[in-house]
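Below is one structure, written out as structure tokens, with a few remarks after it.
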Amino acid sequence: MHIELFVVCLSVILGLVHIVLASHSASWQRGYKWTASARDEPVAPLTGAAGRLARALANFIETFPLFLALVVVAHFTGSYGELSKWGALLYIAGRVAYLLLYAFGVYLVRSVAWNVATAGILLLIVSVLSH
Numbered sequence: 742m743h744i745e746l747f748v749v750c751l752s753v754i755l756g757l758v759h760i761v762l763a764s765h766s767a768s769w770q771r772g773y774k775w776t777a778s779a780r781d782e783p784v785a786p787l788t789g790a791a792g793r794l795a796r797a798l799a800n801f802i803e804t805f806p807l808f809l810a811l812v813v814v815a816h817f818t819g820s821y822g823e824l825s826k827w828g829a830l831l832y833i834a835g836r837v838a839y840l841l842l843y844a845f846g847v848y849l850v851r852s853v854a855w856n857v858a859t860a861g862i863l864l865l866i867v868s869v870l871s872h
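Residue numbering for the sequence shown follows our numbering, beginning at 742 and increasing consecutively.
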């Protein structure tokens with residue numbers, strides 16, 4: 742298996758971690774009765790770690806489809822190489838760091854982690870377009 746495809750699998754696992762952390766932290770803040778409800782009533786925005794985890798999940802959901810699309814294109818066009826490998830590795834490393842930094846409220850450095858993941862996506866674009 743190419744490393745890029747392996748990183749897609751790791752990213753799916755990371756996505757599941759995002760979902761579990763965000764949903765459980767929301768449940769801890771709002772109560773499990775709210776979690777089990779139909780959630781038809783408006784609620785106050787999540788705060789603290791629960792809010793940060795929800796926003797980190799939303800950010801992951803924004804970037805993962807872009808990453809996945811580029812790995813799929815690289816796979817079907819045979820555009821694998823050093824750029825795609827490092828792009829995938831930068832993406833997953835940046836996304837893991839982003840989750841941890843955001844969860845603990847570390848600002849500024851969190852933006853660096855986001856930029857690392859985005860640089861990974863850009864490397865994949867270059868890999869695909871230059872092949």
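C-beta: ideal position from N, C-alpha, C; glycine also.
In or out: residue i buried (at least 16 other Cβ within 10 Å) or exposed?
i	result
threonine 817	At residue 817 the sequence reads phenylalanine, which differs from the threonine that was named. By the 10 Å Cβ count, phenylalanine 817 comes out exposed.
alanine 799	exposed
glycine 789	exposed
glutamate 782	exposed
leucine 870	exposed
tyrosine 839	buried
serine 852	exposed
arginine 780	exposed
phenylalanine 845	exposed
tyrosine 832	buried
leucine 841	exposed
Among the options, which one has its Cα closest to the Cα of residue i?
i	options	result
alanine 858	Gly756, Phe808, Ser868 and Val813	Phe808
glutamine 770	Leu755, Leu787 and Gly756	Leu787
threonine 804	Leu849, Asn856 and Leu841	Asn856
I need the straight-line Cα distance from residue i to residue j, nearest angstrom please.
i	j	result
alanine 834	serine 820	21 Å
histidine 743	tyrosine 843	30 Å
alanine 777	leucine 762	17 Å
glutamate 875	leucine 863	No answer is possible for residue 875: the residues shown for the chain start at 742 and end at 872.
alanine 715	alanine 791	Since the first residue of the chain shown is 742 and the last is 872, residue 715 is not available in this structure.
serine 868	tryptophan 775	46 Å
isoleucine 754	tryptophan 827	19 Å
tyrosine 848	alanine 810	29 Å
glycine 756	histidine 765	14 Å
alanine 795	alanine 860	23 Å
glycine 772	alanine 815	44 Å
phenylalanine 801	serine 752	9 Å
arginine 836	alanine 854	7 Å
By the DSSP assignment, the alpha helix (DSSP H) with residue i in it spans what residues?
i	result
leucine 757	744-771
phenylalanine 805	789-818
serine 852	850-871
glycine 835	823-844
So, under 8 Å CB-CB, residue i and residue j are touching, yes? Tell me the CB distance rounded to an integer number of Å.
i	j	result
histidine 759	alanine 797	6 Å
valine 812	leucine 865	7 Å
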